[in-house]
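Numbering (the UniProt record's numbering), first residue to last: 1 to 177.
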């Protein structure tokens, strides 16, 4: 009787291990297929894989992860802008960065709404919010190319991260529709 229980326990353990490892491999394949559609595969895989829930996430969870990381990125940028503003000397640079601060605040709300819509499975709404939020950051980025001398934005790298994160969200949400 004891050997039957032992054998049964080993069989259950092996089955559970098999299912767990196959589950994780499927998730890696899912993440890989999403990231292959993105313009920056390495950024995509590192962004998604750095989240603790990624190994067990389904498509909706991955969209929520990407949206939350975008919100965090935008908030981090907003937190840095006041310090950058203190370092900018020229009035046009201050105006442009101040406008970007306003744009980033608006974009933050759009991506928070995208997260909420994804959470509620309102995927078409999520797409609209992501596109709107991204377009607002594009406006910030482009403000350094108009109304005066062309310059490089001090938050250009942040803009690029938002663009890449937006792309990841759009790829995932497109699969959910």
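Every residue, glycine too, gets a C-beta built ideally from N, C-alpha and C.
Keep in mind the model is a prediction, meaning the values are calculated, not measured.
Exercise for the section: From the DSSP output, in three-state form, read off residue 80 for me. Expected result: Reading the chain shown from its first residue, position 80 is the one you call residue 80. Residue 80: helix per DSSP, three-state reduction.
Practice task
Tell me whether residue 161 is buried or exposed, calling it buried when 16 or more other Cβ atoms sit within 10 Å of its Cβ.
Solution key: Sequence index remark: in the chain shown, residue 161 carries index 161 (1-based). So residue 161 counts as buried.
Exercise for the section: Could you check what DSSP says for residue 88 in three-state terms: helix, strand or coil? Expected result: Along the chain shown, one-based indexing puts residue 88 at 88. Three-state result, residue 88: coil.
Practice task
Jot down the residue ranges of each uninterrupted alpha helix (DSSP H) in the segment 49-77, minimum 4 residues, whole runs only, in chain order.
Solution key: none
Practice task
Under 6 Å Cβ to Cβ from residue 158, same chain only, skipping five residues before and after it: list those, please.
Solution key: By one-based count along the chain shown, residue 158 stands at place 158. Hits under 6 Å: 77.
Problem - Sufficient close CB pairs (3 or more, under 8 Å) joining the segment 82-94 to the segment 56-73 - result: no
Exercise for the section: State buried or exposed for residue 73, treating a residue as buried only when at least 16 other CB atoms are found within 10 Å of its CB. Expected result: Numbered from its first residue, the chain shown carries residue 73 at position 73. The residue is buried, with at least 16 neighbouring Cβ atoms inside 10 Å.
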